[in-house]
Amino acid sequence: MSNALFADSPAKGLVCRNCNATYDLVAQHACWQCFGPLEVDYDLEELAKVTRERIEAGPQNIWRYAPLLPVGVHPEDRVSLNPGLTPLIDATHLAKALGMRKLWVKDDSANPTHSFKDRVVSTAVSAAVKLGFDRFACASTGNLANSVAAHAARAGVPSIVFIPSDLEPGKVVQSAIYGGTLVAVQGSYDDVNRLCSELTETDEFESTAFVNVNIRPYYAEGSKTLGYEVAEQLGWRLPEQVVVPMASGELLTKIHKAFEEAAEIGLTEPGKVRVFGAQSAGCSPIADAFDAGTDVITPVKPTGIAKSLNIGDPAAGPYAIEACRSTGGGMAKVSDDEIRDGVKLLAATTGVFAETAGGVVVATLRKLLESGQLDPEAETVIYNTGEGLKTLDAVSSLVGPTHTVKPSLKAAKEAGLLQS
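Once you know that position 31 of the sequence shown is 31 in UniProt numbering, the rest is easy, because the numbers rise by one and skip nothing.
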């Protein structure tokens with residue numbers, strides 16, 4: 001019965017990433033046999049029928065890729081703020097500053113709630129409605145809470161979002177302004193996530209869709225659109241290298257999956273994209289495991305300014321490591337000072353004001369270039385996943401007026417403003 005709800009979708013079921021056990025398209029995120037994570041399994045013959053022309057004739061948002069997603073083939077089935085088709089910026093001046101031949105910035109701060117989370121929430125809540133849920137929820141480091149609350153407001157559905165109590169004020173305000181229930185939990189994101197997982201098992205939350213818990217497989221697929229879009233915006237070709245921020249690690253794995261699917265079904269020429277992951281030194285369990293040559297993640301207690309990436313026990317960490325190793329990529333971690341410098345450098349060279357996660361990516365890009373892991377001659381795409389106005393505290397003490405003058409020509413001249 002559940003698969004009948006997705007009758008026009010290319011998705012044929014859920015599959016365990018560890019043991020390959022299969023399940024119907026239901027609200028389930030873990031395998032009953034090995035407790036591994038589930039992801040959406042597709043009919044590749046159906047995906048192969050999707051052409052560039054069909055995609056290009058679609059709407060100017062993520063739903064142009066609906067034939068490649070588990071939900072949304074029919075417009076009436078979409079619960080969405082219609083994110084996507086965000087700018088792919090030719091970062092000429094940043095490339096020159098770093099000694100690179102060709103660099104692009106995929107700027108997802110241009111989405112409706114100013115982060116990439118609008119992509120994953122749109123797919124998740126569209127699936128949630130099909131599955132019969134009537135309230136939207138999440139565990140969040142901020143951006144996801146913003147997006148879930150906004151989607152619920154647009155859809156006229158109640159929401160309840162859970163965040164760590166020490167979150168950046170900008171993200172707290174944006175989550176609260178949409179009028180849903182906002183719960184600040186005295187603990188880390190991992191504590192928040194644990195509480196939400198427990199709540200999904202209670203009768204009181206039986207009809208609540210936690211987008212990144214009980215319907216996580218559908219949620220995660222929205223990240224693939226960041227891979228499809230880059231390929232389309234490059235003229236239906238793959239970049240040679242990408243640098244992606246990592247929290248749970250899922251964004252990186254799904255961008256990698258999108259590149260592989262695009263080549264496999266003929267949307268692009270065959271090719272392998274080298275994938276690189278970026279983490280803050282204050283929370284780097286995935287990068288630490290990569291450096292140690294293992295795929296076993298040791299949980300950490302997060303610290304540092306990149307709070308949107310502060311997941312100390314990242315569920316998709318081993319799969320992110322696998323994606324980087326299998327493509328000849330790598331990982332690095334960067335300090336708070338390097339992150340701040342990355343935010344400033346990106347803004348000064350591209351006009352993009354990124355949140356701290358974007359600073360992590362730029363700083364990691366620089367570190368990978370300096371270590372020789374990343375090829376400066378290869379065409380590279382870096383991902384900015386959020387808006388800098390959400391994390392003003394991280395850089396507000398470093399910038400401000402360069403001059404303060406009285407309102408007169410004499411004062412302007414004395415300050416050196418009239419010098420050519």
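Glycine is no exception: its CB is placed at the ideal position from the N, C-alpha and C atoms.
Since the structure is predicted, the reported quantities are computational estimates derived from the model, not experimental observations.
Run through DSSP, which three-state label would residue i get?
i: F205; result: helix
i: V211; result: coil
i: C16; result: strand
i: R54; result: helix
i: L25; result: coil
i: V148; result: helix
i: P318; result: helix
i: R101; result: coil
i: E39; result: strand
i: K49; result: coil
i: S9; result: coil
i: M1; result: Note that M1 scores a pLDDT of 45, beneath 50, so its modelled location is shaky and nothing firm can be said.
i: L68; result: helix
Measuring CB to CB, does residue i end up less than 8 Å from residue j?
i: T141; j: V71; result: no
i: A323; j: T253; result: yes
i: A152; j: S175; result: no
i: G178; j: A209; result: A quick correction: the sequence has Tyr, not Gly, at residue 178. No, the Cβ-Cβ distance between Y178 and A209 is not below 8 Å.
i: V334; j: G388; result: no
i: T225; j: G372; result: no
i: R135; j: V120; result: no
i: P245; j: A281; result: no
i: S357; j: A306; result: It should be pointed out that residue 357 corresponds to Ala in this sequence rather than to Ser. Yes, the pair counts as a contact, with Cβ atoms nearer than the cut-off.
i: P314; j: I297; result: yes
i: V185; j: F205; result: no
i: L368; j: F276; result: yes
i: I255; j: G227; result: yes
i: K106; j: N143; result: no
i: S308; j: A220; result: no
i: A97; j: L345; result: yes
i: R52; j: G58; result: no
On the premise that residue j lies in contact with residue i, defined as a C-beta separation below 8 Å, what is that separation, rounded to the nearest angstrom?
i: V79; j: V129; result: 6 Å
i: T364; j: V173; result: That belief does not hold up - the Cβ atoms of T364 and V173 are roughly 29 Å apart, past 8 Å.
i: H133; j: S207; result: Here residue 133 is Phe; the residue named in the question, His, does not match the sequence. Between S207 and F133 the Cβ distance is about 6 Å, and since that is below 8 Å, they are a contact.
For residue i, tell me which candidate among the options has the shortest Cα-Cα distance.
i: R17; options: E377, A316, F353 and E387; result: A316
i: S397; options: E269, R54, S147 and R340; result: R340
i: H114; options: A354, V362, G416 and E377; result: A354
i: G99; options: K406, L392, L389 and R366; result: R366
i: Q241; options: D190, G329, D313 and G179; result: G329
i: T92; options: Y189, T380 and D77; result: T380
i: K312; options: T364, R194 and V243; result: Sequence inspection shows Gly at residue 312; the Lys mentioned does not correspond to that position. Here the closest residue by C-alpha is R194.
i: T86; options: V73, Q60, D77 and K96; result: Q60
i: V352; options: L69, L88, F162 and E370; result: L88
i: V73; options: S126, A412, K301 and T22; result: S126
i: T404; options: L417, P169 and I55; result: L417
i: W32; options: P239, Y42, A21 and E39; result: A21
i: G304; options: L131, E338, P67 and D108; result: E338
i: L131; options: E414, K272 and D77; result: D77
i: T391; options: S159, G13, E39 and D166; result: D166
With a threshold of 7 Å, establish whether the CB of residue i neighbours any heavy atom of the ligand PLP.
i: S223; result: The model depicted lacks the ligand PLP and carries no ligand whatsoever.
Quick check on the DSSP output: what are the complete beta strand (DSSP E) runs of length 3 or more inside the segment 229-272, in order along the chain?
For the segment 229-272, the continuous beta strand (DSSP E) assignments of 3+ residues that do not extend past its boundaries occur at 241-245, in sequence order.
Restricting to runs no shorter than 4 residues, where is the alpha helix (DSSP H) found entirely within the segment 349-409?
Complete alpha helix (DSSP H) runs here, min 4: 356-370.
4 or more residues per run - each alpha helix (DSSP H) lying fully within the segment 101-184
Entirely contained in the segment 101-184, the alpha helix (DSSP H) runs reaching 4 residues are, in chain order, 117-130, 143-155 and 169-176.
Can you give, in chain order, each stretch of the beta strand (DSSP E) that sits fully within the segment 298-344 and has at least 3 residues?
You should have 330-334.
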